[in-house]
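Letter 25 of the sequence shown, counting from 1, is numbered 24 in numbering that gives the first Met the number 0, and no numbers are missing.
We put the beta carbon where it would ideally sit given N, CA and C, even for glycine.
I have placed the structure first, in the form of structure tokens, so that the comments after it can refer back to it.
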Amino acid sequence: MREPSSEPPAQWTLYGVPLHKGIALGIGAPLYLPTYGSPAWLDPRLFAQDEDEWHAIEYRMPTEPVEVIGLARSLDDIPPVLAPYVRVVGWIVEQLPEPPLPQAPILLVPKLPSLLPAEAPVILDANAGVAYIEPTVAVLARYQAQLLRVATHTRYHLEGAHLPVRTWDSRPIQLGGVAAYWDELPNTAQAGIELVWLTSAELPESVSATAHALGGKPLWLHLPRMPDDDAYWQRLLRASVELNLTLFVDTADALQEASDSLAVAREALRAMHLPLGALEVGLLAQESLPELLEPLPYAVGWQVEQWTQPLAERLWEAQATARALGVRRAVIVPDAAPETLALALGLEPHTLIVPADAVPAAKARLALLGVAECREWLLLRLRDWKNPDLRARPEAWLATRAS
């Protein structure tokens with residue numbers, strides 16, 4: 000365990016509530032203060048005396064964007080003085096902004112410093128809920144190294160087999176693959192899926208090697224049992240810096256326990272000023288779903304071993320509850336048979352997870368099935384489950400559209 004340093008980690012350290020998680024590093028832009036001179040985040044053409052000087056300044060303006068972290072009392076009253084070559088990579092605000100929120104990391108703090116230099120380096124760790132203004136060399140180097148590793152590992156395959164899936168009626172659906180062991184992650188990640196599902200109570204020996212194998216793709220890790228080791232939760236948070244990681248537990252009680260354990264681990268690691276990842280917690284539900292979940296999970300998943308009419312009816316009710324709660328919905332199916340995929344699509348999930356060897360067939364068939372028609376077809380199946388004509392309809396759709 001790293002011992003906390005007696006040296007302050009930064010000239011100013013701000014603690015707050017993350018509104019949009021992430022890690023960012025840039026120069027500070029204190030937009031709530033009167034700024035003297037011409038800092039890098041101000042448009043220098045504002046100080047031109049005439050048109051010739053305007054063009055002369057424009058000619059000398061840098062071509063590469065300057066990454067800044069804006070500090071403002073409110074996002075509603077930001078002055079339009081940012082240079083055109085500036086890219087805002089994070090926000091630190093005093094007042095809760097109205098949605099929609101910017102996609103950059105956002106930290107809500109109770110009070111901004113009354114006096115700041117115009118171009119101080121700022122580290123915004125919206126995963127840990129802390130910002131460092133003029134950090135020490137050690138803290139700066141730690142976060143620079145972390146951002147470099149994440150940038151190296153985070154790549155998405157945008158060609159061929161790795162293209163995202165859209166259904167026949169142009170509805171996007173996230174397709175995942177099941178890996179049985181940590182050693183299977185590389186092959187599963189290369190199967191053309193968008194995320195990997197893994198059930199394991201252990202963590203990989205090398206987090207960096209696992210992140211490299213995943214190539215930035217999300218990993219949904221299902222915990223079959225709740226660990227009672229505080230060090231495990233700290234390792235999870237540290238691993239989630241390099242891994243795009245979501246944790247799944249089996250019960251609503253475990254959901255609360257995992258959230259509490261992660262909060263304790265986050266405070267312990269934040270005291271050591273270590274980078275933290277944006278770790279979310281989901282629920283692998285039983286067939287039914289309680290209407291009141293506290294806290295709300297990031298996503299709710301259902302695992303199907305074999306489709307039956309009672310199971311389909313219960314999942315229909317459960318997905319309606321999840322929809323009312325406003326959480327993501329995922330279905331894990333045993334194969335990529337046309338009937339299996341059509342039944343799953345009828346539940347309108349955001350994510351569909353299949354065995355790794357079934358990914359090519361699933362991608363080809365999902366592109367020929369429509370979500371709306373599968374939903375209507377599922378309603379008919381629930382009324383007359385054994386009707387052979389209804390059961391054969393997905394295969395007929397595939398045969399007609401594949402020709």
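- With fewer than 16 neighbouring CB atoms inside 10 Å of its own CB, proline 294 falls in the exposed class.
- Just so you know, the alpha carbons of glutamate 63 and serine 37 end up roughly 18 Å apart.
- In this structure valine 136 is exposed. Its beta-carbon is surrounded by fewer than 16 other beta-carbon atoms within 10 angstroms.
- Close CB contacts of alanine 253 within its chain, under the 6 Å cut and outside five residues either way in sequence, are with Met225 (chain order).
- The Cβ atoms of arginine 328 and glutamine 318 lie closer than 8 Å to each other.
- Each residue's CA atom was taken as its position, placing histidine 211 and glutamate 52 some 49 Å apart.
- Burial is judged here by how many other beta carbons sit within 10 angstroms of a residue's own beta carbon; lysine 385 has fewer than 16 and is exposed.
- Rounded to the nearest whole angstrom, the CA to CA distance from leucine 367 to alanine 179 is 28 Å.
- In the three-state reduction of the DSSP assignment, valine 280 falls in the strand class, which pools E and B.
- Scanning its chain for C-beta atoms nearer than 6 Å, with the 5 sequence neighbours on each side dropped, one finds around leucine 197 the residues Ala178 and Leu220, in chain order.
- The way I'd put it, the segment 58-74 does touch the segment 17-28; three or more beta-carbon pairs between them come closer than 8 Å.
- In this structure leucine 288 is in contact with threonine 320, their Cβ atoms being roughly 5 Å apart against a cut-off of 8 Å.
- Within the segment 239-323, complete alpha helix (DSSP H) segments of at least 4 residues are found at 251-270, given in chain order.
- Separation of the CB atoms of lysine 20 and proline 104 is rounded to 6 Å, and the pair is thereby assigned contact status at 8 Å.
- By the C-beta density criterion, glycine 281 is buried, having at least 16 other C-beta atoms within 10 angstroms.
- Taking each of Ser113, Asp76 and Val121 in turn and checking the Cα distance to alanine 9, the smallest one comes out for Val121.
- A straight-line Cα-Cα distance of about 15 Å links aspartate 356 and proline 337.
- Considered as a whole, the segment 95-180 harbours 105-107, 120-124, 129-134 and 171-178 as its complete beta strand (DSSP E) runs of no fewer than 3 residues, in chain order.
- Remark: three or more beta-carbon pairs, one from each stretch, lie closer than 8 Å, so the segment 268-284 and the segment 236-252 are flagged as touching.
- Annotated three-state conformation of glutamine 10 is strand, per DSSP.
- Within the DSSP secondary-structure output, isoleucine 91 pairs in a beta bridge with Leu70 and Leu106.
- Annotation for alanine 371: Asp168 place their beta carbon closer than 7 Å to its own, counting only its chain and skipping 5 residues before and after.
- Closest in alpha carbon position to valine 92, among Leu377, Ala188 and Ser73, is Ser73.
- A Cβ-Cβ separation of about 12 Å leaves valine 299 out of contact with alanine 323 under the 8 Å criterion.
- Residue state for tryptophan 196 is assigned as strand, using DSSP reduced to three classes.
- Around the Cβ of serine 260, a 10 Å sphere holds 16 or more other Cβ atoms; the residue is buried.
- Between leucine 106 and alanine 125, the gap from beta carbon to beta carbon is short of 8 Å.
- Judged by beta-carbon spacing, valine 129 lies within the 8 Å limit of threonine 12, meaning their Cβ atoms are closer than that value.
- With contacts defined by Cβ atoms closer than 8 Å, arginine 400 and tryptophan 376 do not form a contacting pair.
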